[in-house]
Amino acid sequence: MHPHLHTKATKNCEDVIMALEECHARGFLYRAFGGCSHAKHEVNMCLRAERIERTRQNREQAKVRREKIKKVWDDIDANS
10 MHPHLHTKAT KNCEDVIMAL EECHARGFLY RAFGGCSHAK HEVNMCLRAE RIERTRQNRE
70 QAKVRREKIK KVWDDIDANS
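Offset between the sequence shown (1-based) and the numbering used here: plus 9.
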């Protein structure tokens, strides 16, 4: 399938990705007539959940970094 789907960020979705790959291996006509639609939807939902979780974690880390920087600047302003 697509190399970007097999990364460390998508380890939790590996089983649904493999199911989609197996479905795609059944042939073009099977895919063309919607045989893999459910598997594709499952992959999309799994990847979406992973993205949302990464976004949440990044937002929390950014908040901590901003608070740390604000504290440093407040200390600099207080000492000047």
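Think of the CB as a built atom: it goes at the ideal place given N, C-alpha and C, for glycine as much as any other residue.
Alpha-carbon to alpha-carbon, residue j and residue i
i, j, result
"serine 89", "valine 81", "12 Å"
"asparagine 21", "arginine 68", "21 Å"
"phenylalanine 37", "glycine 44", "10 Å"
"lysine 17", "leucine 29", "18 Å"
"glutamate 62", "arginine 74", "18 Å"
Selected residue, minimal CA-CA separation from residue i, among the options
i, options, result
"glutamate 31", "Val73, Arg63, Lys49, Ile85", "Lys49"
"histidine 47", "Lys77, Arg63, Ala58, His33", "His33"
Buried versus exposed call for residue i [16 or more other C-beta atoms within 10 Å across all chains shown]
i, result
"isoleucine 78", "exposed"
Delimiting residues of the alpha helix (DSSP H) encompassing residue i
i, result
"serine 89", "Counting along the chain, serine 89 falls outside any alpha helix (DSSP H), and DSSP gives it neither H nor E."
"phenylalanine 37", "37-41"
"alanine 34", "No alpha helix (DSSP H) holds alanine 34; DSSP gives it neither H nor E."
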